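If you're matching positions, the sequence shown starts at 1 in our numbering and goes up one per residue.
Structure, as C-alpha cells:
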Amino acid sequence: MERIQKYLAARGICSRRAAEDMIRARRVRINGETALIGQSVSEGDSVALDGVLVGNEPPKVYIMLHKPDGYVTTAKDQFGRPCVLDLLKDVKERIYPVGRLDYDTSGLLLLTNDGALAQKLTHPRCEVEKVYIARVKGHPGVESLKLLADGVMVDGEKTLPAKVTVESSDDRYTRLRLTIRQGRNRQVRKMLAAVGLFTAGLTRVATGRLYLGRLKKGEYRVLTREEIAYLKSGMRRKE
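And the structure:
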C-alpha cells in the first residue's frame, strides 16, 4: 500500500505537491470514488486522473537540459511563451522540471519522472550548492563583492553567505562566478541589484557535482548511473 500522492508521483504523473493540488481539485478517483489526500492505494485498486486510468509505473528518466533564456520552466504557459518541454518532444516519458530557472536565465535544469526524488531535491533542507555565471554592467568594487559574499537583504530576508569571484572583465562588463545554497525567486539577480549591479546575462553552470559542461543551449542528455546515484544520495552539501 502507498499514499495516493506518492502513487501518482511514482508513475511520472507529477510531483507529490502537484498531486496534492490535483486531489484537492477532485480530479483523482480511486475505485470510482473521489480520492482524499493521504488515502492509501492497494494492489488491484483502480486509479484515474481526469477520468483516465493511471497505468503501471513507467521507466524512470533523468535528464539534464541546457535551458535557453526565453523559455519558462513549466509544461504549459498561459501566455503562450515557449516551455522547456518543447525542447524534449522526443522523450516519450512524461517528465517535469526539478525546481525552476527564471524565464530570462539559461543553464542547467534537471527533469525527471521520479516524483519522490524531485520532492527530495526541491525540499528547503536540500541546500546543495548552485553555481552561476553572471554578466553585469560595470566593474563591482571590493566592498560590493564582500557584501554579496556575506549576504544581502532580498525581499526582507538576508541571503546565506555566498562565494563570489571575478572571472573576467572588459571595458563595459564583468563576469562574476557566484555559488549559492538557496533557490529563492530570482535570487541571484536580486542579490546583484541589492549592491547596485545590473545583470545583463545569467547562466547556471553547476548544481552540486553536476556540471553543464559543453552542453549547448537547447541540448539535453541522459544522466549517467553515477550522477543518478549522486542525486539519490541527497547531494550532500560538502562537495
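Where a beta carbon is used, it is the ideal one built from N, C-alpha and C, also for glycine.
Nothing here was measured: the structure is a model prediction, and the numbers come from that model.
Let me make sure I understand the geometry here. Which of the options has the alpha-carbon closest to that of residue i?
| i | options | result |
| --- | --- | --- |
| K120 | I4, L145 and A9 | A9 |
| L49 | G138, R27, P58 and P68 | R27 |
| A149 | L108, P58 and L192 | L192 |
| L245 | C126, L88 and P124 | Given that the chain is displayed from residue 1 to residue 239, the structure contains no residue 245 and the question cannot be resolved. |
| M153 | G183, V195, G80 and V128 | V195 |
| L183 | T224, C126 and K146 | Looking at the sequence provided, one finds Gly at residue 183 rather than Leu. Out of T224, C126 and K146, C126 has the C-alpha closest to the C-alpha of G183. |
| E227 | P58, L212, E219 and K216 | L212 |
| G261 | Y71, G51 and A18 | The question about residue 261 has no answer here: the residues shown for the chain are numbered 1 through 239. |
| S233 | D77, R209 and R214 | R209 |
| P59 | G70, R24 and N113 | N113 |
| R172 | A162, K130, R135 and V164 | R135 |
| G218 | T174, K67, Q39 and R189 | K67 |
| V222 | I95, R24 and S46 | I95 |
| P97 | G12, S144, G32 and R175 | G12 |
| I133 | S144, Y220, R189 and D86 | R189 |
| G32 | R24, G51 and A25 | G51 |
Which partner residues does residue i have in the DSSP bridge list?
| i | result |
| --- | --- |
| C83 | V72 |
| E2 | V41 |
| K67 | G107 |
| R177 | I133 and T165 |
| L53 | A48 |
| I30 | E33 and V47 |
| Y62 | T112 |
Rounded to whole angstroms, what is the Cα-Cα separation between residue i and residue j?
| i | j | result |
| --- | --- | --- |
| E2 | V205 | 37 Å |
| C14 | M22 | 10 Å |
| A229 | D170 | 41 Å |
| K238 | G44 | Unreliable placement is indicated for K238, whose pLDDT of 44 sits below 50; the coordinate value is still reported in the next sentence. Cα-Cα distance, rounded: 44 Å. |
| G156 | K92 | 43 Å |
| V142 | R100 | 31 Å |
| L202 | K146 | 20 Å |
| T34 | L53 | 14 Å |
| K158 | I30 | 45 Å |
| T179 | T199 | 16 Å |
| R186 | D102 | 7 Å |
| A118 | R225 | 17 Å |
| Y75 | R81 | Looking at the sequence shown, residue 75 is not Tyr but Ala. A75 and R81: Cα-Cα distance of roughly 11 Å. |
| S42 | R16 | 18 Å |
| S46 | V61 | 25 Å |
| P124 | R181 | 10 Å |
Below 8 Å on the Cβ atoms is my guess for residue i versus residue j; work out the distance and round it to an integer in Å.
| i | j | result |
| --- | --- | --- |
| P161 | G151 | 5 Å |
| D104 | D69 | 5 Å |
| T65 | V84 | In the sequence as displayed, the identity of residue 65 is Leu instead of Thr. L65 to V84, Cβ: 6 Å. Contact. |
| Q5 | E20 | 5 Å |
Report the start-end ranges of each alpha helix (DSSP H) in the region 84 to 170 that is 4 residues or longer and not cut off at the edges. The region 84 to 170 contains these whole alpha helix (DSSP H) runs: 115 to 121 and 142 to 150.
Can you give, in chain order, each stretch of the alpha helix (DSSP H) that sits fully within the region 191 to 233 and has at least 4 residues? If we require 4 residues or more, the alpha helix (DSSP H) runs fully inside the region 191 to 233 come out as 225 to 232.
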